[in-house]
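Novice: Below is the structure I would like to discuss, written out as structure tokens.
Residue numbers (the numbering used here), protein chains in the order written: chain A, 1 to 167; chain B, 168 to 334; chain C, 335 to 501; chain D, 502 to 668.
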């Protein structure tokens, strides 16, 4: 199948949270993406770039504009964005409404930090990379093994899962 | 996107190897598929069925015939097969040559048992489920984050990775 | 060697912190002690009792009085207390000054939650149980593989390790 | 408490078994001891030396003689030996009968390789280091959180646990 390079943009989120043993808080240090790709023995040609390292609740319009511009400027037609789950659907909508012609963009994240043994991160990353390689151009959210169009997805915070909008 | 049920057939392989603490050997007990789907917080409707629990080096023609018949008989159009890596390409070829019209069949496995902390299994399962949902009918091998057509894949045993046939 | 029952009192601390995937905070649910003892294949006769589930920074005099009374009332001569690291030395001093004649009491904890893959908790629990079985009566802190007398220990917060008081 | 250097002799055993992804076998590469001590945030001064890397079923008289001589020659009064469980009691007896005056020697191991997520190794190492620091001179086996004298221990292979000889 297709083996053009996949661009991975890192923006932070639960994916990359670390435990701070000094004060017992959670914080961001470096991304775990490289470690995760190695664990998955990934041989898809990828280029990883960290755009920011933030909790998605703290992401503002400017941050989303930056992500959009980076997607636009990228040579890659296949893009994965790691992102906090709380506002993942908001960023997806921003990118979808702006439009990224010819590009397949997949946002993904994790409910549990990768540094925890029990993270869903590795599963989600595998799925996101697969969707990014196989789906037609568009903006998608890949969580829970499923893939949603940007205009038909929300996080159900009560159960901690993503779902299509009612209708 | 599509949310029809995905059928998962378990055949064993490294994926499901356990450590036997009595004699220090590796063996098969039950599949880890359910545990892995739970860890990945998978909400794709799946039906898991164990067809056999064997090392793929010990799989014979009869075993492959059984897998083929199970794929044929299944109502599902989307099928994932967990399989040992050593003869994964052989089974893919058997299914591909026989033909499974209208069905998307994805074989996957792991280089390291899931019971080991450092397994690639969760990454591969996420990717396989995503490819099974998004690719057109055909028989594929999903490993190393990539997806190969059944007639263009082999395991490179020297480096422990899957690759397209030379050409 | 000795195989009288060891009483384990759980008071919370980093040991037992969980990740709350709803809001990204850390919280206490149930203790991981049983799971840890099972993982360690512990066959020391133990009785586990949860006294409280608190961050040790929030522990007050009343909490420490409760711990003291529970140690006094316990039939067991060998006691392990799991405790947050921040005020472990404070509680050890409280117990040591009050005096617990005939009892070997060992406080231990973890710098990283057990639920994280990379926790020091299992190592510390193994050491604490061993010290509790082998040391003469007294109150001790067991961290970093070492064991300190209650009146000669402090947490060096800058480096996150326990050390003897300067002499 | 005592903080003289503890000598750690590595002899192999389940502790250090790795999964060979080429052929699905288990094998020895390097010891995990340094990694385990780091995970446990151990600050006991230790010196680690690998004497051999063998399955304890393949250990012969000559190997045991070597271990004995290394214990004799060591400056350290506190010694931990990592060892396969199958003949751990045999080696303990060899050392105990030969006699190592003034030295506290503790043999330990694991039922599950450390490289597996679910290993008892870290718990056992914590306990062994604690017993080595706190017990009087003698030769001991530390497994299952317990400590046995060299002349009163056997592995119960049916249940995979260590126990005192019937009496």
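Note that beta-carbon positions come from the ideal geometry of N, C-alpha and C, so glycine has one too. Computed from a prediction, not measured in an experiment: that's the story for all the values here.
Give the C-beta separation of residue 347(C) and residue 479(C) to the nearest angstrom, bearing in mind that I take them to be a contact with Cβ-Cβ under 8 Å.
Specialist: Position 13 of the third chain, counted from the first residue, corresponds to residue 347(C). Position 145 of the third chain, counted from the first residue, corresponds to residue 479(C). The beta-carbon distance between residue 347(C) and residue 479(C), rounded to whole angstroms, is 18 Å. This is too long to meet the 8 Å contact definition.
Novice: Using a Cβ-Cβ distance cut-off of 8 Å, determine whether residue 624(D) contacts chain B.
Specialist: Within the fourth chain, numbered from 1, the residue matching residue 624(D) stands at position 123. Not an interface residue.
Novice: Strictly below 7 Å CB to CB, what residues from chain A border residue 353(C)?
Specialist: The count along the third chain starts at 1 and reaches residue 353(C) at position 19. Neighbours of residue 353(C) on chain A, chain order: 112, 113 and 116.
Novice: Need the endpoints of the beta strand (DSSP E) that residue 71(A) sits in, please.
Specialist: Counting from one through the first chain, the residue named residue 71(A) turns up at place 71. It is not in any beta strand (DSSP E) - residue 71(A) instead sits in the alpha helix (DSSP H) that spans 61-73.
Novice: Can you give me the Cβ contacts of residue 616(D) inside the same chain, cut-off strictly under 6 Å, excluding the 5 residues immediately before and after it?
Specialist: Looking up residue 616(D) in the fourth chain gives position 115. Within the same chain, residue 616(D) has close Cβ partners 519.
Novice: Just curious, the beta strand (DSSP E) that residue 163(A) is in, first and last residue?
Specialist: Locating residue 163(A) in the first chain gives position 163, where the first residue counts as 1. 161-163 is the extent of the beta strand (DSSP E) around residue 163(A).
Novice: Mapping the DSSP letters down to three states, classify residue 309(B) as helix, strand or coil.
Specialist: For the purposes of this step, residue 309(B) is taken as the residue at position 142 of the second chain. Strand at residue 309(B).
Novice: Please tell me whether residue 14(A) has its Cβ less than 8 Å away from any Cβ of chain C.
Specialist: For this step, residue 14(A) is matched to residue 14 along the first chain. Answer yes: the Cβ-Cβ gap between residue 14(A) and chain C drops below 8 Å somewhere.
Novice: Residue 123(A) and residue 301(B) look like a contact to me (Cβ under 8 Å); what is the Cβ gap, rounded to whole Å?
Specialist: The residue given as residue 123(A) occupies position 123 in the first chain. The residue given as residue 301(B) occupies position 134 in the second chain. In fact, because the Cβ distance is near 16 Å, the residues do not count as touching under 8 Å.
Novice: Which same chain residues end up closer than 6 Å to residue 1(A) when comparing Cβ atoms and leaving out the 5 residues on each side of it in sequence?
Specialist: Sequence index remark: in the first chain, residue 1(A) carries index 1 (1-based). Because residue 1(A) carries a pLDDT of 48, less than 50, the predicted location of this residue cannot be relied on, and no value is offered for it.
Novice: Please classify residue 280(B) as buried or exposed, where buried requires at least 16 other C-beta atoms within 10 Å of its C-beta.
Specialist: Counting from one through the second chain, the residue named residue 280(B) turns up at place 113. Buried, by the Cβ-count rule.
Novice: What span of residues does the beta strand (DSSP E) with residue 356(C) cover, start to end?
Specialist: Along the third chain, one-based indexing puts residue 356(C) at 22. Neither: residue 356(C) is in no beta strand (DSSP E) and is coded neither H nor E.
Novice: Going by DSSP, what residue range makes up the beta strand (DSSP E) through residue 547(D)?
Specialist: As a first step, residue 547(D) must be located in the fourth chain, where it is residue number 46. Segment 547-555, the beta strand (DSSP E) holding residue 547(D).
Novice: Am I right that residue 422(C) and residue 390(C) are in contact with their C-beta atoms under 8 Å? What's the rounded C-beta distance?
Specialist: The residue you call residue 422(C) lines up with position 88 of the third chain. The residue you call residue 390(C) lines up with position 56 of the third chain. Residue 422(C) to residue 390(C), Cβ: 7 Å. Contact.
Novice: At the level of alpha carbons, what is the spacing between residue 91(A) and residue 462(C)?
Specialist: Residue 91(A) sits at position 91 when you count from the first residue of the first chain. Residue 462(C) sits at position 128 when you count from the first residue of the third chain. Residue 91(A) and residue 462(C): Cα-Cα distance of roughly 49 Å.
Novice: Kindly indicate the opening and closing residues of the beta strand (DSSP E) around residue 605(D).
Specialist: Counting from 1 along the fourth chain, the entry for residue 605(D) is found at position 104. Annotation for residue 605(D): the continuous beta strand (DSSP E) segment containing it runs 605-609.
Novice: If you count every other CB in all the chains shown that lies within 10 Å of the CB of residue 331(B), and 16 or more means buried, which is it?
Specialist: In the second chain, residue 331(B) corresponds to position 164, counting from 1. Exposed, by the Cβ-count rule.
Novice: Which residues in chain C sit within 8 Å of residue 598(D), going by Cβ to Cβ distance?
Specialist: Locating residue 598(D) in the fourth chain gives position 97, where the first residue counts as 1. Near residue 598(D) there are no residues of chain C at all, since even the closest Cβ is about 19 Å away, more than 8 Å.
Novice: Quick one: grab the DSSP three-state call for residue 516(D).
Specialist: Against the fourth chain, residue 516(D) aligns to sequence position 15. Correct three-state label for residue 516(D): helix.
Novice: Judging by CA-CA distance, which residue of 578(D), 585(D), 562(D) and 567(D) is the nearest neighbour of residue 555(D)?
Specialist: By one-based count along the fourth chain, residue 555(D) stands at place 54. Minimum Cα distance to residue 555(D) is reached at 585(D).
Novice: What residues in its chain sit with their C-beta under 6 Å from that of residue 86(A), if we drop five residues either side in the sequence?
Specialist: Locating residue 86(A) in the first chain gives position 86, where the first residue counts as 1. 56 and 57.
Novice: Are the C-beta atoms of residue 523(D) and some chain B residue less than 8 Å apart?
Specialist: Locating residue 523(D) in the fourth chain gives position 22, where the first residue counts as 1. Yes, residue 523(D) counts as interfacial toward chain B.
Novice: For a contact meaning CB atoms closer than 9 Å, what does residue 360(C) contact in chain A?
Specialist: Within the third chain, the letter at position 26 stands for residue 360(C). By Cβ distance, chain A contributes 19, 24, 25 and 26.
Novice: Report the partner residues of residue 7(A) according to the DSSP bridge assignment.
Specialist: Counting from one through the first chain, the residue named residue 7(A) turns up at place 7. For residue 7(A), which the question treats as bridged, DSSP gives the partners 47(A) and 79(A).
Novice: Could you name the residues that DSSP lists as bridge partners for residue 149(A)?
Specialist: As a position in the first chain, residue 149(A) is number 149, starting the count at 1. 140(A), per the DSSP bridge assignment.
Novice: Quick one: using the 10 Å Cβ neighbour count with 16 as the cut-off for buried, is residue 660(D) buried or exposed?
Specialist: Here residue 660(D) refers to the residue found at position 159 of the fourth chain. The residue is exposed, with fewer than 16 neighbouring Cβ atoms inside 10 Å.
Novice: Bridge partners for residue 321(B) per DSSP, in chain order?
Specialist: Locating residue 321(B) in the second chain gives position 154, counting from the first residue. In the DSSP secondary-structure assignment, residue 321(B) is bridged to 330(B).
Novice: Name, please, each residue of chain C whose Cβ falls closer than 7 Å to the Cβ of residue 230(A).
Specialist: Since the first residue of chain A shown is 1 and the last is 167, residue 230(A) is not available in this structure.
Novice: Evaluate the contact criterion for the stretch 353-367 of chain C versus the stretch 397-413 of chain C: three or more CB pairs, one atom per stretch, below 8 Å.
Specialist: Contact between the stretch 353-367 of chain C and the stretch 397-413 of chain C is absent: fewer than three C-beta pairs spanning the two stretches fall below 8 Å.
Novice: Could you work out which residue in 618(D), 508(D) and 604(D) is closest to residue 641(D) when comparing CA atoms only?
Specialist: Position 140 of the fourth chain, counted from the start, is the residue given in the question as residue 641(D). Nearest of 618(D), 508(D) and 604(D) to residue 641(D), Cα basis: 604(D).
Novice: Determine the closest residue to residue 203(B) out of 187(B), 229(B) and 175(B), with distance taken between C-alpha atoms.
Specialist: Here residue 203(B) corresponds to residue number 36 of the second chain, with the count starting at 1. Per the Cα distances, 175(B).
Novice: Hey, would you say residue 345(C) sits closer than 8 Å to residue 415(C), going by beta carbons?
Specialist: Counted from its first residue, the third chain places residue 345(C) at position 11. Counted from its first residue, the third chain places residue 415(C) at position 81. It is a contact, given that the beta carbons lie within the stated cut-off.
Novice: Is any beta-carbon of chain A found at less than 8 Å from that of residue 491(C)?
Specialist: In the third chain, the residue the question calls residue 491(C) occupies position 157. The C-beta of residue 491(C) comes closer than 8 Å to at least one C-beta of chain A.
Novice: Residues in the stretch 196-216 of chain B with C-beta within 8 Å of chain D's C-beta atoms, listed in sequence order?
Specialist: Hits within the stretch: zero.
Novice: On the DSSP bridge list, what partners appear for residue 116(A)?
Specialist: Sequence index remark: in the first chain, residue 116(A) carries index 116 (1-based). Answer is 450(C), bridged to residue 116(A).
Novice: Compute the distance between the beta-carbons of residue 239(B) and residue 317(B), then report whether it is under 8 Å.
Specialist: Position 72 of the second chain, counted from the first residue, corresponds to residue 239(B). Position 150 of the second chain, counted from the first residue, corresponds to residue 317(B). No, the pair does not count as a contact, with Cβ atoms beyond the cut-off.
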